[in-house]
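Before any comments, here is the structure.
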Amino acid sequence: MGKDFKSMVTRCIYVGKENDNVKKLKTATEELKDLRNNVMKRVKMYEDQQKLKRLEKVQVWLRQADVAIKEAEEMLITMMSSSSSNGSSMMSSHKMDKRFCKKLKEVQEIKSRGTFDVVVENSGIGGSMMISTVDRDDQTVGLEAVSGLVWRCMTVDNTGIIGLYGVEGVGKTTVLTQVNNRLLQHKLNGFDFVIWVFVSKNLNLEKIQDTIREKIGFLDRSWTSKTEEEKAGKIFEILSKRRFALFLDDVWEKVDLVKAGVPPPDGQNRSKIVFTTCSDEVCREMGAQTKIKMEKLPWERAWDLFKKNAGEETVNSHPDITKVAQEVAAKCDGLPLALVTIGRAMASKKTPQEWRDALYILSNSPPNFSVLKLLDRN
Numbered sequence: 001m002g003k004d005f006k007s008m009v010t011r012c013i014y015v016g017k018e019n020d021n022v023k024k025l026k027t028a029t030e031e032l033k034d035l036r037n038n039v040m041k042r043v044k045m046y047e048d049q050q051k052l053k054r055l056e057k058v059q060v061w062l063r064q065a066d067v068a069i070k071e072a073e074e075m076l077i078t079m080m081s082s083s084s085s086n087g088s089s090m091m092s093s094h095k096m097d098k099r100f101c102k103k104l105k106e107v108q109e110i111k112s113r114g115t116f117d118v119v120v121e122n123s124g125i126g127g128s129m130m131i132s133t134v135d136r137d138d139q140t141v142g143l144e145a146v147s148g149l150v151w152r153c154m155t156v157d158n159t160g161i162i163g164l165y166g167v168e169g170v171g172k173t174t175v176l177t178q179v180n181n182r183l184l185q186h187k188l189n190g191f192d193f194v195i196w197v198f199v200s201k202n203l204n205l206e207k208i209q210d211t212i213r214e215k216i217g218f219l220d221r222s223w224t225s226k227t228e229e230e231k232a233g234k235i236f237e238i239l240s241k242r243r244f245a246l247f248l249d250d251v252w253e254k255v256d257l258v259k260a261g262v263p264p265p266d267g268q269n270r271s272k273i274v275f276t277t278c279s280d281e282v283c284r285e286m287g288a289q290t291k292i293k294m295e296k297l298p299w300e301r302a303w304d305l306f307k308k309n310a311g312e313e314t315v316n317s318h319p320d321i322t323k324v325a326q327e328v329a330a331k332c333d334g335l336p337l338a339l340v341t342i343g344r345a346m347a348s349k350k351t352p353q354e355w356r357d358a359l360y361i362l363s364n365s366p367p368n369f370s371v372l373k374l375l376d377r378n
């Protein structure tokens, strides 16, 4: 009886430990997917709009992230399907726990390497490029005015917090990237630090602190053992003595920047915080002194942008293609990112049936990366 009880307790310890690692792996995998999607969004924007080439190190990282995510999800699915089985031994449970531990470390390691200041290079001559699309109006239909407005806000002292808001796909990240890169091209334009943070739906204040820490060059090994409050104190100590520009992409809810250690911008420190969000309410909660709403393109400009990326010759090659192409462009709903990306995906489609197939796909799914892959296969 005592021996059985001891065995049962040991078994429970393994199961509890295993469940803990399962939860950690699930969370880490979701965070890696968010990061992968953000990097891919930036890469696709430059490739589609400016015909640049992704850096080899970025491509390698994306491949590694895809493999790790796929394997982790397969492990989680297998775990769920076998969780109802009572026939597995303690040894097999222990081996499974070790596998989850190993995969968790792999996912976390890949995630730690997913911050890139530059993701593309000139496809002709080697060497990475910081892209400023201010001089590329033809590639950013409908966005150049917003980019210019944000840039002006960066140069005046009476606006410290700027909020860019609008529906997903309207070009908020494109504008934010333009301003970020323009600052980098202009030798920071008087800013000591230019900091980019991808926030995403799952708000993680510690992750924001860690990204800021990397950008400001705080390399103390004791960082990982510090509490959230101690990290905030160290960030505040450094940033309160410097002028900084903080870019927060994809904000879904209020980010307590004071709690993170970020000093509020004012006329004295002349620092700036610029963020993107889908919500006007988030702009208010974040205390935005300037709110900029980004609108969808009107039909004429949307159609011109689509034709430019799909190719006038392709669109006009057959009367049936022209008609269906207008319907495909309409499915992009005036969103610049969708118009450019889907337009380029359709550039190789030369028959009316291929265009009708694409229209069918878009009629059943909103434009996203999965749909684009499906369009490529067709």
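Residue numbers (full-length UniProt numbering): 1 to 378.
Glycine is no exception: its CB is placed at the ideal position from the N, C-alpha and C atoms.
All values reported here derive from a predicted model rather than from experimental measurement.
Within 9 Å, strictly: CB atoms of F116 and V197: Taking the sequence shown and counting its residues from 1, one reaches residue 116 at position 116. Taking the sequence shown and counting its residues from 1, one reaches residue 197 at position 197. Contact: no.
Tell me, to the nearest whole angstrom, how far the beta carbon of T276 is from that of T173; I am working on the premise that it is less than 8 Å. Numbered from 1 along the sequence shown, position 276 holds the residue referred to as residue 276. Numbered from 1 along the sequence shown, position 173 holds the residue referred to as residue 173. Yes, T276 and T173 are in contact; Cβ-Cβ is about 6 Å, under 8 Å.
Give me the DSSP bridge partner(s) of S200. Translated into positions along the sequence shown, residue 200 becomes position 200. DSSP output for S200 lists V251 as bridge partner(s).
CB-CB length for L25 against K103, believed under 8 Å: Here residue 25 corresponds to residue number 25 of the sequence shown, with the count starting at 1. Here residue 103 corresponds to residue number 103 of the sequence shown, with the count starting at 1. Between K103 and L25 the Cβ distance is about 6 Å, and since that is below 8 Å, they are a contact.
Measure the Cβ-Cβ separation of A288 and I161 and say whether it is below 9 Å. Against the sequence shown, residue 288 aligns to sequence position 288. Against the sequence shown, residue 161 aligns to sequence position 161. The Cβ atoms of A288 and I161 lie closer than 9 Å to each other.
Pull up the distance between the alpha-carbon of S112 and that of D250, whole angstroms please. The residue given as residue 112 occupies position 112 in the sequence shown. The residue given as residue 250 occupies position 250 in the sequence shown. Near 19 Å, if we compare the C-alpha coordinates of D250 and S112.
Where R344 sits in the DSSP three-state scheme: Sequence index remark: in the sequence shown, residue 344 carries index 344 (1-based). In this structure, R344 counts as helix in the three-state DSSP scheme.
Shorter than 8 Å, the distance from the beta carbon of D256 to the closest heavy atom of the ligand NAD, or not? The ligand NAD is not among the ligands present in this structure, which contains no ligands whatsoever.
How big is the Cα-Cα spacing for M96 and V60? Taking the sequence shown and counting its residues from 1, one reaches residue 96 at position 96. Taking the sequence shown and counting its residues from 1, one reaches residue 60 at position 60. Between M96 and V60, the C-alpha separation is close to 28 Å.
Taking L164 as part of the alpha helix (DSSP H), name the residues at either end of that continuous run. By one-based count along the sequence shown, residue 164 stands at place 164. For L164, no alpha helix (DSSP H) encloses it; the enclosing beta strand (DSSP E) starts and ends at 161-165.
Measuring straight from C-alpha to C-alpha, what distance separates A310 and I77? Here residue 310 corresponds to residue number 310 of the sequence shown, with the count starting at 1. Here residue 77 corresponds to residue number 77 of the sequence shown, with the count starting at 1. Their backbone Cα atoms lie some 40 Å apart in a straight line.
Identity of the residues DSSP links to F236 by a beta bridge: Residue numbering aside, residue 236 sits at position 236 when the sequence shown is read from its first letter. F236 is not bridged to any residue.
Mind checking D320: buried by the 16 CB within 10 Å criterion, or exposed? Here residue 320 corresponds to residue number 320 of the sequence shown, with the count starting at 1. By the 10 Å Cβ count, D320 comes out exposed.
Residue closest to Q353, alpha-carbon to alpha-carbon, out of K331, L203, K323: Within the sequence shown, the letter at position 353 stands for residue 353. Closest option to Q353, Cα to Cα, is K323.
Should I292 and V146 be called a contact, given that it needs their Cβ atoms to be closer than 9 Å? Taking the sequence shown and counting its residues from 1, the one referred to as residue 292 is at position 292. Taking the sequence shown and counting its residues from 1, the one referred to as residue 146 is at position 146. Closer than 9 Å, so yes.
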